[in-house]
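Residue numbers (the working numbering): 61 to 178. The C-beta atom is built at its ideal place from N, Cα and C for all residues, glycine as well. Accompanying notes for the structure given below.
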């Protein structure tokens, strides 16, 4: 069983919380449902959780609500802890490079604060 947590900045902000607050109740409920799947299932279908290629070991949680597509980017800390660091509404086929860079930066900061290198 996995655990999903939201990244917290050095100043105590949680970017994922801020993103979730912008969603409608229905959208937030679907995100919560997908996150529950990620935590509960040993093998999560790739339509919900997929490793991003050409990144620093980033994963994306994938959520579709109607015609809206949302992505929550994160990384595994150990084998069972998924730390989500960035979220956005996907509007193009490819994941924006800026979103990947931000997620990688937050991953690096997380490991620095934990006192452990990748």
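Measuring only between beta-carbons, confirm whether residue i sits less than 8 Å from chain B.
i, result
"residue 130", "Among the chains of the structure shown, chain B does not appear; only one protein chain is present."
Provide the residue span of the beta strand (DSSP E) that contains residue i, from first to last.
i, result
"residue 108", "Unbroken run through residue 108: none, as it is neither H nor E."
"residue 149", "141-150"
"residue 68", "Here residue 68 belongs to no beta strand (DSSP E), and DSSP marks it neither H nor E."
Taking 6 Å as the limit between beta carbons, can you name the residues of its chain near residue i, skipping five residues before and five after?
i, result
"residue 137", "143"
Figure out for me which residue from the options has the closest Cα to the Cα of residue i.
i, options, result
"residue 66", "128, 101, 82 and 147", "147"
"residue 145", "94, 174, 168 and 127", "168"
"residue 64", "131, 96 and 174", "96"
"residue 107", "114, 129, 82 and 115", "129"
"residue 80", "90, 115 and 71", "90"
"residue 111", "155, 175, 174 and 100", "155"
"residue 98", "62, 116, 152 and 174", "62"
Determine whether the beta carbon atoms of residue i and residue j lie at a separation below 8 Å.
i, j, result
"residue 125", "residue 86", "yes"
"residue 118", "residue 76", "no"
"residue 88", "residue 133", "no"
"residue 123", "residue 104", "no"
With a threshold of 7 Å on Cβ separation, who are the neighbours of residue i within its own chain once the five nearest residues in sequence on each side are excluded?
i, result
"residue 166", "67, 145 and 146"
Would you give the residue range spanned by the alpha helix (DSSP H) that residue i belongs to?
i, result
"residue 137", "No alpha helix (DSSP H) contains residue 137, which is instead part of the beta strand (DSSP E) from 128-137."
"residue 167", "157-174"
According to DSSP, which residues form a beta bridge with residue i?
i, result
"residue 119", "111 and 134"
"residue 76", "According to DSSP, residue 76 bridges with nothing at all."
"residue 124", "129"
Going by beta carbon distance, what residues of the same chain come within less than 8 Å of residue i, once the five residues before and after it are set aside?
i, result
"residue 70", "169 and 173"
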